[in-house]
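For the sequence shown, the working numbering assigns the number 312 to the initial residue and increments by one for each residue that follows. Ideal placement from N, C-alpha and C gives every residue a C-beta, glycine not left out.
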Amino acid sequence: MFSKFKNHMLTDIGIDLGAMNSRVFMKGKGVVLEVPTVVAIQPDSKRVLAVGDEARDMLGRTPGNIVAVRPLTGGVIADYDLTEAFFRYVFGKLFTRPWWARCFKPRAVIAVSSGITEVEKCAVETAAHAAGVGEVFLIERPIAAAIGAGLPVSEPKGSMIVDIGASTCDVAIISLAGIVHSCCLPAAGDAMTSSIVDYFHGQNLDIGECDAEAVKISIGSACPMESEQSMEVSGRDSETGEPKTLKVTSEEVREALKKPVSEIVDAVRKTLKRCGPQLFSDLKGGVGIVLSGGGSQLRGLDKLLSKEVGIPVRLADNPVVATIEGVGVVLGEIDFLAKNRKKCRGKSDEM
Ligand SMILES: Nc1ncnc2c1ncn2[C@@H]1O[C@H](COP(=O)(O)OP(=O)(O)OP(=O)(O)O)[C@@H](O)[C@H]1O
Ligand SMILES: [Mg+2]
């Protein structure tokens with residue numbers, strides 16, 4: 312009876328903790344929140360001034376007494392206190408429940424990068440507990456992305472997901488609900504944006520990350536487009552300090568993106584090289600490689616990757632939300648996960 316009441320009070324949640332954007336899934340409701348993973352603080356007092364959209368708008372625009380930072384990079388907690396502050400903000404947005412309901416802590420399924428260590432996993436769990444989560448279940452991001460993209464993850468058949476976010480590119484070959492081979496590249500969409508900043512710097516034009524990202528999204532590509540485009544970009548002349556505007560073509564942007572794009576291609580190639588002939592033939596003859604994450608939307612990336620590795624490549628139907636959708640599916644099994652964990656704990660106590 313008590314357990315039924317408790318289950319009714321609990322609102323289990325799923326979180327895709329991204330370096331640039333975090334997304335939250337609620338049982339029965341779907342994706343309920345998408346928020347920039349940014350926290351602005353006063354460094355002296357460590358006082359949190361803003362979180363989410365408001366803090367994102369402060370990036371690159373703060374006076375000396377404020378810093379706006381992304382507390383996660385490379386799928387790893389870069390600042391523990393800020394990550395906890397971020398979790399608190401998210402839970403504050405989700406739960407406006409009466410005091411008696413707060414006694415029941417929500418359980419959470421959190422997607423983390425496949426490249427993080429046990430210590431880093433522990434840091435994510437501790438930050439979530441400190442912010443008010445009860446039980447935490449971690450799931451590797453590529454598995455969540457593959458489930459969300461509709462890949463046959465639990466079948467005895469190889470499938471491959473390449474999740475290209477802001478700070479990491481998680482490459483994984485999955486079969487029988489587990490990762491057989493994986494590679495976590497600590498460079499993705501952010502690295503592409505930085506390459507564009509560097510390109511303009513080489514032309515004596517200093518531009519901010521937001522403007523560089525706008526160039527990438529507007530005319531960036533990984534391989535030649537049917538009709539090439541151009542746009543004007545404004546910034547500051549790096550020599551004279553005066554305002555300056557330059558016209559840039561999609562061919563030039565593609566050239567600027569060559570290095571980060573080829574790093575992604577190499578990571579995929581490296582992972583494919585490690586897989587056995589049976590898995591390789593599953594990939595070649597089956598669903599091929601599926602791309603997810605915001606960075607996978609770079610024009611022509613699927614085409615280039617397919618040409619380079621000789622396997623069909625396609626973009627997930629909803630690449631940006633594939634991971635959180637997959638987390639949502641796992642969230643549906645949270646009672647089973649909790650029971651299994653209890654069983655495992657019971658067995659280890661007996662030993
Ligand atoms: N149309 C587009 N073309 C190219 N890149 C894009 C496009 N739209 C978004 N991006 C890039 O996608 C990245 C953000 O993707 P996403 O929200 O999946 O990252 P994240 O989940 O926060 O990061 P991570 O998974 O690395 O922790 C940014 O680098 C952004 O510039
Ligand atoms: Mg992501």
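Between L609 and A502 a beta carbon distance of about 12 Å is seen, past the 8 Å cut, so the two are scored as non-contacting.
The Cβ atoms of A396 and V447 do not sit closer than 9 Å to each other. Partner residues in the beta bridge of I324, as assigned by DSSP, are M337, A419. Taking a 10 Å sphere around the C-beta of S465, we find fewer than 16 other C-beta atoms and assign the residue as exposed.
Taking 8 Å as the upper bound for CB-CB distance, P347 and M331 are in contact here, some 7 Å apart. Taking the C-beta atoms as reference points, P467 is found no nearer than 9 Å to I490. Between ligand 1 and N332, a heavy atom-to-CB distance of less than 8 Å is present. Looking from the CA of G611, the closest CA among L626, I450, R399 belongs to L626. The alpha-carbon of L370 is positioned some 9 Å away from that of V350. The Cβ atoms of I326 and A422 sit closer than 9 Å to each other.
Following the DSSP letters along the chain, one finds L612 inside the alpha helix (DSSP H) bounded by residues 612-620. In the three-state reduction of the DSSP assignment, T348 falls in the coil class, being assigned neither a helical nor a strand state.
Annotation for I458: the continuous alpha helix (DSSP H) segment containing it runs 452-459.
The residues I388, Y391, T394, E395, F398, in chain order, have a CB closer than 7 Å to that of A438 in the same chain once the five nearest residues on each side in sequence are set aside.
From the listed residues M536, I528, F511, the smallest Cα separation to E550 is found for F511. When DSSP states are grouped into helix, strand and coil, C495 belongs to the strand group.
In the three-state scheme derived from DSSP, where H, G and I count as helix and E and B as strand, S465 is classed as coil.
Just measuring C-alpha positions, the residue of G375, S617, A379, I575 sitting nearest R367 is A379.
For V572, same chain residues with a beta-carbon under 6 Å away, outside a window of 5 residues either side, are A533 in chain order.
Proximity of the beta carbon of D501 to ligand 2 is not indicated: no heavy atom of the ligand is located closer than 8 Å. For R452, the CB falls within less than 8 Å of some heavy atom of ligand 2. A straight line joining the alpha-carbon of F647 with that of I324 spans about 15 Å. Ranked by Cα distance from I450, the options G443, K432, L462, G476 are led by K432. Between the stretch 467-483 and the stretch 573-590 there are three or more C-beta pairs closer than 8 Å, enough to call the two in contact.
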